[in-house]
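If you're matching positions, the sequence shown starts at 34 in this note's numbering and goes up one per residue. Ideal placement from N, C-alpha and C gives every residue a C-beta, glycine not left out.
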Amino acid sequence: MKILAAFDKFKDSMTAVEACAAATTGARQALGSAVHITQAPLTDGGEGFCSILTNATNGFIEIHTVCGPLGADIEAPLGWVNSRALPSAVRERLDLPLGKVAIIEMATAAGLGQVSADRRHPKQCTTCGVGELIRIAVAEGADAILLGVGGSATSDLGLGLLQALGLKFIGRNGRVIERIFPANWSQITRISGSLEIATPPIFIACDVDNPLLGPRGAAAVYGPQKGLLADELESFEAESARIASMLCAYFKQPEALCESPGSGAAGGIGFGLNVVCDSQYVAGFKLVSSWLDLESKIAAADLILTGEGKIDLSSLNGKGPYALAAAANVAHKPIILLAGCIEATAAEQLHREFPNCTTAAITPEDCPLSQALAEGLENLQNKTAQVLQQQTQQ
34 MKILAAFDKF KDSMTAVEAC AAATTGARQA LGSAVHITQA PLTDGGEGFC SILTNATNGF
94 IEIHTVCGPL GADIEAPLGW VNSRALPSAV RERLDLPLGK VAIIEMATAA GLGQVSADRR
154 HPKQCTTCGV GELIRIAVAE GADAILLGVG GSATSDLGLG LLQALGLKFI GRNGRVIERI
214 FPANWSQITR ISGSLEIATP PIFIACDVDN PLLGPRGAAA VYGPQKGLLA DELESFEAES
274 ARIASMLCAY FKQPEALCES PGSGAAGGIG FGLNVVCDSQ YVAGFKLVSS WLDLESKIAA
334 ADLILTGEGK IDLSSLNGKG PYALAAAANV AHKPIILLAG CIEATAAEQL HREFPNCTTA
394 AITPEDCPLS QALAEGLENL QNKTAQVLQQ QTQQ
């Protein structure tokens, strides 16, 4: 029997790689060592983006010290792959130049996971470290840069990134502001200088289409999870609009860029890059699916195992485990979706759309959240074994 184990991360419990390994162990417990299991950790641009894509194409990873989201130094990965090693579908999708592709993930360099819950606030977080990684990538000869923007802590319109690349922001006293955070945006009176480096094409992997401003914008939709309070939204939005207008005017770009789909992703980092650099958005999960050649892996499998931390109606948006369930349905392959918790309405919709899909929550009933997160690996392993044993006995 051939099984494909393709899991996304279980947030605050286990990485996608760890989830695939736990499910593999559980499958072997249930079915014995004769079963052949292929592991394909998933990412849509957030945590694990760099390591998963780099390792899938026999690239290598460097670790660099860069500015973290709060301004203190952190260690962040920079992946390298040769575009010739990529599946043709990826090269065609991105129209990649031949040569070196650098892979960067915001989830590490400017990620929410890098900031303790009591210190999370978009006014205090910067994308400077992402800019430093881009600068390193350019210095080391990148012919293209792939940036995963999931899991960000920031909402700075990419100003920290642009400052790291050489752009200067001038304060009321006529002096350069040393480090830009949204907290000191009110001091900015003008922009000066230009980027100190010529960037190669930058591809921004994301799966959201939110504009920069407005009720579906970066601050309104994603600000609260990053620490923005309801009574701060109006003033933060107004200051974001002022800075966005200033940036567009300085680089002679239309303010309509604020309205472009995806400009609100990751606190507007795509907006900042689009104003200043040669950059474009790419659908994150579709890119990863092509990169990992999931279609061929599904075709070769007798059974697919997938899952993530929580399955609710927002999970049914065409990516991650839902996308795998859809692909398995087309290929007429059974799929088991395991998650920490599964909302009943989401499970009903999955079963209705995909009759070949089985769902199972891995967390024991009445288990406290803290315990469920701590014991996630064990719970996933045990539930995988249990579900497979039940299926073989039917």
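Quick one: what does DSSP say MET139 is sitting in, helix, strand or coil? helix
Could you compute how far the alpha carbon of THR159 sits from the alpha carbon of GLY305? 13 Å
So LYS201 is in the beta strand (DSSP E); what residue range does that whole segment cover? 201-203
Going by Cα to Cα distance, which pick from ASP335, PRO257 and LYS201 is closest to GLN220? LYS201
I'd like to know whether the C-beta atoms of THR339 and ILE368 end up nearer to each other than 8 Å. yes
Curious, which full-length beta strand (DSSP E) runs of at least 3 residues does the stretch 216-254 contain? 223-225 and 235-239
Any idea what DSSP makes of GLU95, helix, strand or coil? strand
Should ILE213 and LEU166 be called a contact, given that it needs their Cβ atoms to be closer than 8 Å? no
Should ARG275 go down as buried or exposed, given a rule of 16 or more other Cβ atoms within 10 Å for buried? exposed
From the DSSP secondary-structure annotation, give me the bridge partner or partners of LYS35. HIS69
Relative to the alpha-carbon of ILE169, which residue among LEU190, LEU192, ALA135 and SER185 has its alpha-carbon at the smallest distance? ALA135
Please classify ALA271: is it buried, with 16 or more other beta-carbons within 10 angstroms of its beta-carbon, or exposed? exposed
Any beta strand (DSSP E) of 3 or more consecutive residues that is wholly inside the stretch 256-325: 312-316
N-terminal and C-terminal residue of the beta strand (DSSP E) that VAL155 is part of: Strictly speaking, residue 155 in this sequence is Pro, with Val absent from that position. That residue, PRO155, is in no beta strand (DSSP E); it is neither H nor E in DSSP.
Looking at the structure shown, is GLU376 part of a helix, part of a strand, or coil, going by DSSP? coil
Within 8 Å (strictly less), CB to CB, does GLY191 reach chain D? Absent here is chain D; the protein component of the structure consists of one chain.
Where PHE82 sits in the DSSP three-state scheme: helix
Between the stretch 51-70 and the stretch 34-41, can you find at least three pairs of beta-carbon atoms closer than 8 Å? yes
Using three-state DSSP, classify ASN115 as helix, strand or coil. strand
In whole angstroms, give me the CA-to-CA distance for SER278 and SER149. 32 Å
In the DSSP assignment, the beta strand (DSSP E) including THR339 goes from what residue to what residue? 336-344
Residues bridged to THR392 [DSSP beta-bridge criterion]: LEU370
Looking at C-alpha atoms only, which residue of SER116, GLN72 and ALA216 is the closest neighbour of ARG153? ALA216
How about GLU297 and LEU261: are their beta carbons less than 8 Å apart? In the sequence under discussion, the amino acid at residue 297 is Gly, which differs from the Glu named in the question. No, these two residues do not count as a Cβ contact at 8 Å.
Between which two residues does the beta strand (DSSP E) holding ALA150 run? No beta strand (DSSP E) contains ALA150, which DSSP labels as neither H nor E.
Output the boundary residues of the beta strand (DSSP E) element that contains LEU180. 177-181
Cα-Cα separation between CYS239 and SER116, rounded to whole angstroms: 20 Å
Looking at the secondary structure, which residues open and close the alpha helix (DSSP H) in which ARG126 lies? 121-127
Is it buried or exposed for ALA334, if we count other Cβ within 10 angstroms and need 16 for buried? buried
Check each candidate in GLY193, SER188 and GLY183 and name the one with the smallest Cα separation from GLY104. GLY193
Return the CA-CA distance between ASN243 and GLY184, expressed in angstroms with no decimal places. 15 Å
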